[in-house]
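Data block below; observations after.
Numbering (my numbering), first residue to last: -6 to 319.
Structure below.
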């Protein structure tokens, strides 16, 4: 019994000494708990489309054939030395053109050359992403890592509205002719959407999954420089207004019929360049691309886009918490 009492007493003494030692050390050194901080960012970069008009099977060509631009605003909260969350708004333009993609080798890309479709689309993306920094920050924003690469992933809400150019001269309802102009494609129901036996019109709001990587460099106590690249796989096949088959002539009327099937136009639809001779040669060799019922590729992957972004990040000053004085 005495032995047990001695052990309990000894443990109690050790705990007391350890507690006093810890309190003494805490009084001599600053608080090392991580202090979360926030930052806002502004960035610009390029945008790259993947879909029926720039296929996933030709990734390099699809990436570099028709790059466009993006502008992004972001708010980031650094919760731990490694983990952060970001809310961002990005305005990006994407574009695709069968003629531009296929003109280098019309025989290899005969189906696209024959189809002769194009589009542009201004995307408005609101995304929430999680970020993992490979190099941890110090205890506050002033002690953040000098340089760290990172990964990110999340979910985005996307608003879009594809457009295309009308032919050189388009007959309007009054029997007059109008000059070329950009028109919105979704209201034209170019694949018969909404008609009996066809799909309902596609939504102009969809979801996307952003994933990617980047790096940030600490410029000084208040500013970081950043660079990142991220891919977005969307839940729609109609960023380009192309996803199914050609509709029957009864299912599309007026301007919709003109914009739905541009295979037999003499000029390239977007750039207004004569393509008649090459199209004739392709038709003579194999008329099937000009007679196919398939308008879209019907691939497993939905449309997607890649964004690069170079940003300046401002660290929002936080309140400095001093350790309590004892």
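Just so you know, even glycine gets a beta-carbon here, dropped at the ideal spot from N, CA and C.
- For the set 181, 290, 301 and 285, the Cα lying nearest the Cα of residue 206 is the one of 301.
- In its chain, beyond the 5 residues on either side, 75, 141 and 143 have a beta carbon closer than 6 Å to the beta carbon of residue 126.
- Cβ-Cβ distances below 6 Å link residue 283 to 107, 256 and 276 in the same chain, with the five nearest sequence neighbours on each side left out; the list follows chain order.
- Residue 69 holds the alpha-carbon nearest to the alpha-carbon of residue 123 among 69, 59, 82 and 172.
- In the assembly as shown, residue 245 is a buried residue. Its beta-carbon has 16 or more other beta-carbons within 10 Å.
- When DSSP states are grouped into helix, strand and coil, residue 54 belongs to the helix group.
- Cβ contact annotation for residue 215 (same chain, cutoff 6 Å, sequence separation greater than five): 308, in chain order.
- The beta carbon of residue 195 sits closer than 7 Å to the beta carbons of 179, 186, 229 and 231 from its chain, once the five residues preceding and following it are set aside; these are given in chain order.
- For residue 105, the number of other beta carbons within 10 angstroms of its own is at least 16, and it is reported as buried.
- Here residue 107 carries a helix assignment [DSSP, helix/strand/coil].
- A Cβ-Cβ separation of about 43 Å leaves residue 134 out of contact with residue 112 under the 8 Å criterion.
- Put simply, the backbone Cα of residue 311 is about 9 Å away from that of residue 28.
- Secondary structure within the region 242 to 282: the alpha helix (DSSP H) runs of 4 or more consecutive residues, fully enclosed, are 248 to 253 and 269 to 278 (chain order).
- Contact annotation, residue 110 with residue 262: C-beta distance approximately 7 Å; criterion of less than 8 Å satisfied.
- With a cutoff of 7 Å on beta-carbon distance, residue 182 and residue 239 are scored as not near each other.
- Non-local C-beta neighbours of residue 39 in its own chain, meaning closer than 6 Å and more than five positions away in sequence, comprise 60 and 301, ordered along the chain.
- Its chain contains 29 and 78 as the residues whose beta carbon lies nearer than 8 Å to that of residue 72, once the 5 sequence neighbours on both sides are disregarded; these appear in chain order.
- The Cβ atoms of residue 225 and residue 201 sit closer than 7 Å to each other.
- Cβ neighbours of residue 46 within its own chain (closer than 6 Å, five residues either side excluded): 89, 91 and 233.
- Annotated three-state conformation of residue 71 is strand, per DSSP.
- Put simply, of 44, 67, 219 and 64 the residue whose alpha carbon is nearest the alpha carbon of residue 56 is 44.
- Residue environment for residue 247: exposed (fewer than 16 other C-beta atoms within 10 angstroms of its C-beta).
- Annotated as distal: residue 117 and residue 154, with beta-carbon spacing of 7 Å or more.
- When secondary structure is reduced to three states using DSSP, residue 201 falls in the strand class.
- For residue 227, the pairing in a beta bridge is given by DSSP as 201.
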